[in-house]
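> This is the structure, below, for whatever I ask next.
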Amino acid sequence: MFSYGEVLENVEKDPEGLNLIIFDLDGTLLDTALDLYLAFKDTLTDYGFEVPPFEEFKKHIGGGAYGFLQPFLPEELLEEALQRVRRYYLERYICVHTKPFEGIEETLQRLKKENLLLAVATNKITEGAVRVLKRTGLIDYFDLIVGRDLPPEHKPSPLHITYITKRLNVKPNKALVVGDRKDDVVAGNLAGAKTAYALWGYIEPLGEREEEKPHYRLEKPIQILDVVF
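Here numbering that gives the first Met the number 0 is used: position 229 in the sequence shown is 228, and no number is missing along the way.
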């Protein structure tokens, strides 16, 4: 049995076997940061607020549009700004610069060839996630795509993950959650899944709480194959 926080220099196969891989979207499957930033920049400019540098913005990707707007706008503007930034993203910037991270498509091809179930758990709205996966040509790899609007609660709640495992009829301990943010690791661990911290993404520092410790820390997507096979 793996304990939380195990760091594997030479990644080894999970001893219990895995049937399902659940991926985060932004910063794990796809490099969407610049397109999101451009929609964010237009929104803040509309309200007359100073736009932070791109690298500062990237620290807040992962919690959906609310997650990257909330630190920079007053509470009373957030609801309207959420609608605006989503509209700008979908109408102006979706997949202008977005692309899969290096090694992602090769990894998905191999996982699918071996009949693994594949899902997406994202704090994006499901419609936006589906559209970006279609535009990047990845949509057909996935058996289920679940945004923040479908489960009772979204990441870091474990209900986001258990919603997927129940829909696909897979025991949580037979699932691996792959993500670049603390919310991904916490949601997966609390759901009873295995977790992999994606070091190729927009990584967020993890804390010392037990639920923040991933089973694996992976430097590149292809290492998922070492865990599964």
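Even glycine gets a Cβ: it sits at the ideal position worked out from N, Cα and C.
#1: Which whole-angstrom value is the C-beta distance of valine 231 and phenylalanine 141, which I expect to be below 8 angstroms?
#2: Just grab the DSSP bridge partners of isoleucine 20 for me.
#3: Using only the alpha-carbon positions, how far apart do leucine 217 and glutamate 126 sit?
#4: Output the distance between the C-alpha atoms of aspartate 179 and leucine 19, rounded to the nearest integer angstrom.
#5: Starting from the C-beta of glycine 16, find all residues in its chain whose C-beta is less than 8 angstroms away, skip the five residues before and the five after it, and write them out in chain order.
#6: Mind checking arginine 83: buried by the 16 CB within 10 Å criterion, or exposed?
#7: Between the Cα of leucine 77 and those of Gln222, Leu43, Ala190, spot the shortest distance and give me the residue it belongs to.
#8: Would you mind giving the Cβ-Cβ distance between phenylalanine 100 and aspartate 183, rounded to the nearest angstrom? I have them listed as a contact below 8 angstroms.
#9: Does DSSP classify isoleucine 144 as helix, strand or coil?
#10: Among Val176, Gly206, Leu137, which has the Cα closest to the Cα of threonine 194?
#11: Exposed or buried, which one is phenylalanine 67 when buried takes at least 16 other CB atoms within 10 Å?
#12: Could you check which residue in Val185, Leu81, Gly191, Gly63 has the C-alpha nearest to that of arginine 147?
#13: Taking the alpha helix (DSSP H) that leucine 198 belongs to, which residues open and close that run?
#14: Since lysine 123 and leucine 117 should fall inside the 8 angstroms C-beta cutoff, what is the C-beta to C-beta distance between them, to a whole number of angstroms?
#15: Just list the residues that DSSP pairs leucine 217 with in beta bridges.
#16: Within 10 angstroms of its Cβ, does proline 213 collect 16 or more other Cβ (buried), or is it exposed?
#17: To the nearest angstrom, how far is it from the Cα of threonine 121 to the Cα of phenylalanine 39?
#18: Between lysine 57 and tyrosine 201, what straight-line distance do the alpha-carbon atoms span, to the nearest angstrom?
#19: Can you find the residues in the same chain that come closer than 7 angstroms, C-beta to C-beta, to valine 95, ignoring five residues on each side of it along the sequence?
#20: Using DSSP with H/G/I as helix, E/B as strand and the rest coil, what is lysine 98?
#21: Around the C-beta of proline 52, are 16 or more other C-beta atoms found within 10 angstroms, so that it is buried, or is it exposed?
On the basis of the data shown:
#1: The structure shown does not extend to residue 231, since the chain spans only 0 to 228, so no value can be given for it.
#2: According to DSSP, isoleucine 20 shares a beta bridge with Leu117, Leu175.
#3: As the crow flies, the alpha-carbon of leucine 217 is around 29 angstroms from that of glutamate 126.
#4: Answer to the nearest angstrom: the Cα atoms are 18 angstroms apart.
#5: Contacts found: Lys173.
#6: Buried, because 16 or more other Cβ atoms sit within 10 Å of the Cβ of arginine 83.
#7: The candidate whose alpha carbon is nearest that of leucine 77 is Leu43.
#8: Not confirmed; about 15 angstroms, so no contact.
#9: Strand.
#10: For the residues Val176, Gly206, Leu137, the minimum Cα distance to threonine 194 belongs to Val176.
#11: By the neighbour-count definition (other C-beta atoms within 10 Å, threshold 16), phenylalanine 67 is a buried residue.
#12: With distances taken between Cα atoms, arginine 147 lies closest to Gly63.
#13: Neither: leucine 198 is in no alpha helix (DSSP H) and is coded neither H nor E.
#14: Between lysine 123 and leucine 117 a beta carbon distance of about 17 angstroms is seen, past the 8 angstroms cut, so the two are scored as non-contacting.
#15: In the DSSP output, where bridge partners are listed per residue, leucine 217 has Ala197.
#16: By the Cβ-count criterion, proline 213 is buried, with 16 or more other Cβ atoms from all chains shown falling within 10 Å of its own Cβ.
#17: Rounded to whole angstroms, the separation of the alpha carbons of phenylalanine 39 and threonine 121 is 18 angstroms.
#18: About 7 angstroms.
#19: Here the set comprises Asp34.
#20: Lysine 98 falls in the strand class under three-state DSSP.
#21: By the neighbour-count rule (16 or more Cβ atoms within 10 Å), proline 52 is not buried but exposed.
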